Each structure stands twice: as C-alpha cells, then as structure tokens.
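Q: Structure in structure tokens, see below.
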Amino acid sequence: MNEAEKKILQVIEQYGCYVTSVFDPEGESPNFTYSTGISKTYDAPELIIIGLNSKLAHSIVNNYEGRLKNGEKFSIGEFYEGFLEGFDVTFCEVSQENKQEFMLSACWYNNDKFEALQLVYPTTSGIWPWDAAANQSFLTLQPCLATKSAW
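Numbered according to this note's numbering, the sequence shown spans residues 7 to 157.
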C-alpha cells in the first residue's frame with residue numbers, strides 16, 4: 007500500500023469519507039470531484055460532481071455525507087434542495103465504465119463493487135442538461151455519466 011492509499015484509509019476512518027478533486031491543467035476537460043468511503047461507511051452510493059470548482063464540489067460532497075449521516079436517503083430522478091444555494095439538484099446513476107474512468111480511488115477502495123450517483127445541477131437560468139435549451143458548452147461541462155462513455 008502506498009502513502010496516498012494509507013492517507014485515504016486514515017481520512018475515511020476519521021471522517022467517514024475521502025474527497026478527491028481532479029482537474030485538467032490544460033483546461034480542456036471539466037473538473038470533477040468524488041467521494042471514497044461513503045459506500046462502506048453509510049451503505050449508500052458514492053458521489054461524483056462534474057464541472058463545478060473543486061472547493062464548491064468538495065463542500066457539496068461533505069454536505070451529502072452529512073445528510074447521509076443524519077439518515078437521509080437520495081433517489082435517482084428526485085429533486086433536492088440545500089446543495090446549491092437557490093437551485094435544486096438531482097441525481098443519476100453512474101455506469102460501471104465511468105466509475106472505472108473517473109473514480110479511481112473509489113474503485114480501489116471498494117474493489118470496483120459500489121454504486122455511485124452523479125449530482126446533476128441546472129444552469130443559473132434553471133436549464134437542465136436534458137432540456138432542449140441546454141447549449142453544448144453546458145453539456146460538455148457536465149456530461150452524463152449514466153451512459154457507457156461520457157466523453
């Protein structure tokens with residue numbers, strides 16, 4: 007086990023989950039942030055957020071973890087308040103291929119056997135990715151991970 011893996015285990019033991027943020031230094035792909043440990047700590051899906059800055063996404067993962075800790079459950083397709091100020095969010099399932107592509111630490115920790123949800127958010131104008139009015143730049147920023155390949 008390497009030092010990074012030891013750190014992940016230590017943080018999960020202390021806080022219930024570890025949060026990883028990934029960014030493309032060239033800015034060609036959107037940032038993404040995901041949890042590791044939630045599946046075992048709370049018997050709930052791990053969470054991934056694409057396209058938001060890492061500080062905000064990290065706080066959203068912590069909010070999700072805290073709400074799970076308080077007994078809240080989240081369902082695919084339902085809308086929830088309290089993650090993004092002034093906006094509802096919803097969740098979709100993450101495909102196995104996308105878990106393996108995007109959630110490497112979670113795959114390592116869970117031996118590839120875990121469920122994951124993608125937090126989906128609207129534009130500041132209230133347009134969702136599935137709306138006809140959603141433009142291509144928004145869809146590129148927040149690809150759907152329920153399908154086989156997000157890119």
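Idealized CB from N, CA, C, for every residue including glycine. Here the structure is a predicted model, which means the values were calculated and not measured.
1. Can you confirm whether the region 127–139 touches the region 67–80 when touching is taken to mean that 3 or more C-beta pairs between the two stretches lie within less than 8 Å?
2. Where does residue 109 land, buried or exposed, given buried means 16+ other C-beta within 10 angstroms?
3. Please identify the residue among 141, 115, 124, 44 whose C-alpha is closest to the C-alpha of residue 100.
4. Residue 147 and residue 77: beta carbons closer than 7 Å?
5. Taking buried to mean at least 16 other C-beta atoms within 10 Å of its own C-beta, is residue 96 buried or exposed?
6. Provide the residue(s) that pair with residue 24 in DSSP beta bridges, ordered along the chain.
A: Inspection of the coordinates gives the following:
1. Judged by Cβ distances under 8 Å, the region 67–80 makes no contact with the region 127–139, as fewer than three pairs qualify.
2. The residue given as residue 109 occupies position 103 in the sequence shown. It is buried - the Cβ of residue 109 has at least 16 other Cβ atoms within 10 Å.
3. The count along the sequence shown starts at 1 and reaches residue 100 at position 94. Comparing Cα-Cα distances from residue 100 to each of 141, 115, 124, 44, the minimum goes to 124.
4. Your numbering for residue 147 matches position 141 in the sequence shown. Your numbering for residue 77 matches position 71 in the sequence shown. At least 7 Å separates the beta-carbon of residue 147 from that of residue 77.
5. Stepping through the sequence shown from its first residue, residue 96 is reached at position 90. Within a 10 Å sphere around the beta-carbon of residue 96 sit 16 or more other beta-carbons, which makes this residue buried.
6. For the purposes of this step, residue 24 is identified with residue 18 of the sequence shown, where counting begins at 1. Residue pairing by DSSP puts residue 24 in a beta bridge opposite 42.
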